[in-house]
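Counting with mature numbering (1 follows the signal peptide of the UniProt record, and there is no 0), you get residues -22 to -1, 1 to 236 for the letters of the sequence shown.
Quick reminder that beta carbons are idealized off the backbone N, C-alpha and C, glycines included.
Notes to accompany the following structure.
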Amino acid sequence: MQKNFLFPILCMIAGIFLSSCGLETVLTVKEPTVTRNAPLYSTDEYTKWYFSFITSDDDGTNFLGTDVYYKIYNSSSTLSSERSSILSVNTSTNSSAAPTRMIETYSYQPLGTSKSIDSSVFFPQVNRSVVFRLLTYANADDSSADTDERYIDHACVGIKNEGDTVYSYTDYIPFRNGNRKSFDFFDNNEDDKEKKTRDVLPEYGDADYKCAEADKDKTFDEYYVQMFAVGVALNDETVTSSYSLVLDLGSVPIKKGE
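Pasting the structure below:
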């Protein structure tokens, strides 16, 4: 009898204790799921070296949008190894594992832009078909810059909302995190002749560049960029970001002379 009497009292005390601890609410964030074009660094056709996917359709009040994270490599094998490591924990049983490994373990950085944008994530809002290319190639057709298929050979960010039939292109292009340096490492389209500050090679110590200490004084004729997309929400209780599972957007090479 004594045990039966004490049990509800203990439950009540435990409930009060847990409530007073202020256990945070765990947000579930819906991930982007559809890729339209996921390039691979080993392909030779530069017109395929663009990224295209549909942003998350999360309609939660805390949802901020879809962000894009990237990392630059000088070794394709290191890229493949770290990509596989991230995707190996990209499961619904622990949705924070992959973004945590991507951001904290491998130091992937949020994609930047050539001019500041008024948004905490790269693609705010939901259900947007997006396309972006990192750089304009040396033999790009100038006439295509004003068409819906600008992404075929020109650096760009295009957005197509539900119901739209063509992309609306922004007045900015993808830049490295910090919005000061481009992905045109070799200045192949010669648009940085004077300042030589935006089109520069990645250097040992750059947060977005994976480079072994043994290679810190080396330059390479080819680099590789891996991309992931992730849904982002703001946890009001902790004032921190919560992330969805990641979407592998693919990888592209950046070659000298192309």
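Should Val224 be labelled buried (16 or more other beta-carbon atoms within 10 Å of its own) or exposed?
That one is buried.
Neighbourhood of Glu200 by C-beta distance below 6 Å, restricted to the same chain and skipping five residues each side
Cβ neighbours of Glu200 beyond the five flanking positions: Pro231 and Lys233.
Taking C-beta to C-beta, are Arg158 and Cys134 nearer than 7 Å?
Going by C-beta atoms, Arg158 is not nearer than 7 Å to Cys134.
What's the C-alpha gap between Gly228 and Ser55?
For Gly228 and Ser55, the distance between alpha carbons rounds to 14 Å.
Output the distance between the C-alpha atoms of Thr216 and Ser122, rounded to the nearest integer angstrom.
Using only the alpha carbons, I get a separation of about 47 Å.
Work out the CA separation of Ser73 and Gly38 for me, nearest whole Å.
Gly38 and Ser73 have their C-alpha atoms roughly 17 Å apart.
Whole angstroms is fine: what's the gap from Thr6's alpha carbon to Ser30's?
Going by C-alpha positions, Thr6 is about 24 Å away from Ser30.
Consult DSSP for Asp120 and reduce its assignment to one of helix, strand or coil.
Here Asp120 sits in helix by DSSP.
Could you name the residues of the same chain whose beta carbon sits closer than 6 Å to that of Tyr150, not counting the 5 residues immediately before and after it, in chain order?
Within the same chain, Tyr150 has close Cβ partners Thr91, Ser92 and Lys93.
If we call anything under 7 Å between Cβ atoms a contact, is Asp184 one with Asp177?
In this structure, Asp177 does not lie closer than 7 Å to Asp184 by Cβ.
Under 6 Å Cβ to Cβ from Pro180, same chain only, skipping five residues before and after it: list those, please.
So the qualifying residues of the chain are Ile50 and Tyr187.
Under 7 Å, do residue 310 and Asp124 count as touching if we go by C-beta distance?
The structure shown does not extend to residue 310, since the chain is modelled only from -22 through 236, so no value can be given for it.
Is Asn15 helix, strand or coil by DSSP?
The answer is strand: DSSP assigns Asn15 an E or B state.
Exposed unless 16 or more other CB atoms sit within 10 angstroms - verdict on Gly235
That one is exposed.
Can you tell me whether Arg14 is buried or exposed, with buried defined as 16 or more other CB within 10 angstroms of its CB?
Exposed is the call here.
Considering Cα atoms alone, identify which of Phe206, Leu113 and Ala190 is closest to Val46.
Of the candidates Phe206, Leu113 and Ala190, Phe206 places its Cα closest to the Cα of Val46.
Tell whether a beta-carbon distance below 7 Å holds between Gly211 and Asn167.
Checking the sequence shown, residue 211 turns out to be Ala, not Gly. No Cβ-Cβ contact shorter than 7 Å links Ala211 with Asn167.
Taking 7 Å as the threshold (C-beta atoms), are Thr44 and Gly209 in contact?
Cβ distance < 7 Å, so Gly209 and Thr44 count as in contact.
Check each candidate in Asp142, Asn213, Glu60 and Val99 and name the one with the smallest Cα separation from Asn155.
The residue with the shortest Cα to Cα distance from Asn155 is Val99.
For the putative contact between Thr33 and Val104, defined by C-beta atoms under 8 Å, what is the C-beta separation to the nearest angstrom?
Sure, about 6 Å apart at Cβ, within 8 Å.
Would you decide whether Gly141 is buried or exposed? Buried here means 16 or more other CB atoms lie within 10 Å of its CB.
With fewer than 16 other Cβ atoms within 10 Å, it is exposed.
Starting from the C-beta of Leu(-5), find all residues in its chain whose C-beta is less than 8 Å away, skip the five residues before and the five after it, and write them out in chain order.
Model confidence at Leu(-5) stands at a pLDDT of 40, short of 50, so the residue's coordinates are unreliable and nothing is read from them.
Which residue wins for smallest C-alpha separation from residue 251, given the options Tyr24, Pro10 and Ile95?
No information on residue 251 is available, as it lies outside the stretch -22 to 236 that the chain covers here.
Suppose the cutoff is 7 Å on Cβ atoms and the five residues either side in sequence are ignored; what does the same chain contact list for Leu1 look like?
Interpretation of Leu1 is limited by its pLDDT of 44, a score under 50 that renders its predicted location unreliable; the figure taken from the coordinates is listed afterwards. Sequence-distant partners of Leu1 (beyond 5 residues in either direction) whose C-beta falls short of 7 Å from its own C-beta are missing from its chain.
Buried or exposed: where does Ser59 fall if 16 or more other Cβ atoms within 10 Å of its Cβ makes it buried?
Exposed.
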